[in-house]
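A short write-up of the structure that comes next.
Numbering (this note's numbering), first residue to last: 9 to 135.
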């Protein structure tokens with residue numbers, strides 16, 4: 009019995025986590041530094057129409073948004089980095105009445121698997 013407990017402890021202590029995408033947070037403003045709410049933020053992670061289950065994130069009334077960290081746990085063999093058919097670092101940011109913007113998260117600093125974007129400015133569409 010003691011051997012089984014020891015084996016289980018040994019196996020569970022060998023599990024490791026692999027970060028596919030860090031936590032990403034930031035704020036979205038207009039050019040007058042007024043927060044914009046309900047801005048759609050989504051990654052270009054898709055090769056097919058369902059975007060591999062990727063769902064858009066929306067900014068709150070203060071313009072803030074958070075995209076959760078995506079991790080996988082493995083026991084012995086490190087998983088392939090590209091679990092999805094295609095992995096993108098590009099976010100699309102869009103809101104009706106504003107110009108759609110694309111942001112590459114590699115341009116921002118990553119600290120402790122967190123990408124903190126200071127502020128993103130969206131410009132109004134000129135009529």
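Note that the Cβ used here is the ideal one computed from N, Cα and C, for glycine as well. Keep in mind it's a predicted model, so treat the numbers as computed, not measured.
By how many angstroms is the C-alpha of residue j removed from the C-alpha of residue i?
i           : j           : result
residue 43  : residue 126 : 13 Å
residue 33  : residue 14  : 41 Å
residue 27  : residue 135 : 43 Å
residue 41  : residue 76  : 25 Å
residue 18  : residue 35  : 43 Å
residue 131 : residue 81  : 40 Å
residue 23  : residue 30  : 19 Å
residue 117 : residue 110 : 17 Å
residue 123 : residue 67  : 16 Å
residue 55  : residue 73  : The predicted model places residue 55 with a pLDDT of 40, which falls under 50 and marks its position as unreliable; any figure quoted below should be read in that light. Their Cα atoms are separated by approximately 25 Å.
residue 10  : residue 69  : 56 Å
residue 16  : residue 63  : 36 Å
Could you check whether residue j and residue i sit closer than 8 Å to each other, using their CB atoms as the reference points?
i           : j           : result
residue 106 : residue 71  : no
residue 51  : residue 108 : no
residue 79  : residue 25  : yes
My guess is that residue i and residue j are in contact by the Cβ rule of under 8 Å, so how many angstroms apart are they, rounded?
i          : j           : result
residue 39 : residue 113 : That belief does not hold up - the Cβ atoms of residue 39 and residue 113 are roughly 22 Å apart, past 8 Å.
Touch test, the region 94-112 against the region 45-52, Cβ-Cβ under 8 Å, three pairs minimum: yes
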